[in-house]
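Trainee: All letters in the sequence shown, in the order written, are residues 29 to 119 by this note's numbering.
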Amino acid sequence: MTDASSGSDAAGAGRVVCSRAACAREAAWAVAWRNPRIHPAERVKVWAACDEHRGYLRDYLASRGFPVVVSALDAVPERVPEAPAMPRGIS
Ligand SMILES: [Zn+2]
Numbered sequence: 029m030t031d032a033s034s035g036s037d038a039a040g041a042g043r044v045v046c047s048r049a050a051c052a053r054e055a056a057w058a059v060a061w062r063n064p065r066i067h068p069a070e071r072v073k074v075w076a077a078c079d080e081h082r083g084y085l086r087d088y089l090a091s092r093g094f095p096v097v098v099s100a101l102d103a104v105p106e107r108v109p110e111a112p113a114m115p116r117g118i119s
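1) Am I right that Glu-57 and Arg-92 are in contact with their C-beta atoms under 8 Å? What's the rounded C-beta distance?
2) Is DSSP giving Ala-60 helix, strand or coil here?
3) Residues bridged to Glu-54 by DSSP?
4) Do you know how far the Cα of Val-45 is from the Cα of Cys-51?
5) Just how far apart, CA to CA, sit Ala-60 and Ala-90?
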């Protein structure tokens with residue numbers, strides 16, 4: 029009757045949805061990043077990503093020169109190291 033211990037959701041974690049605009053899929057990945065111009069090294073921003081948008085979000089950030097690390101949603105790194113020098117002009 030009263031929904032004391034909501035039946036369906038077991039853990040308290042709840043559902044995490046992909047950060048990509050207009051995507052409502054459940055996220056399985058964490059895209060951790062920071063903007064070195066405004067964020068100190070200990071600062072980590074995290075976007076959630078579904079399988080489909082993991083690469084999209086990573087590339088979006090990487091193309092701006094931001095350090096970015098993709099990990100499992102429950103294994104977000106404490107820091108995002110400076111991006112290694114990216115090879116350019118290789119195709
Ligand atoms: Zn998505």
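Quick reminder that beta carbons are idealized off the backbone N, C-alpha and C, glycines included. Predicted, not measured: the structure shown is a model, and the values here were computed from it.
Mentor: The structure says:
1) First, the amino acid is wrong: residue 57 is Trp here, not Glu. In fact, because the Cβ distance is near 19 Å, the residues do not count as touching under 8 Å.
2) strand
3) Val-45
4) 8 Å
5) 11 Å
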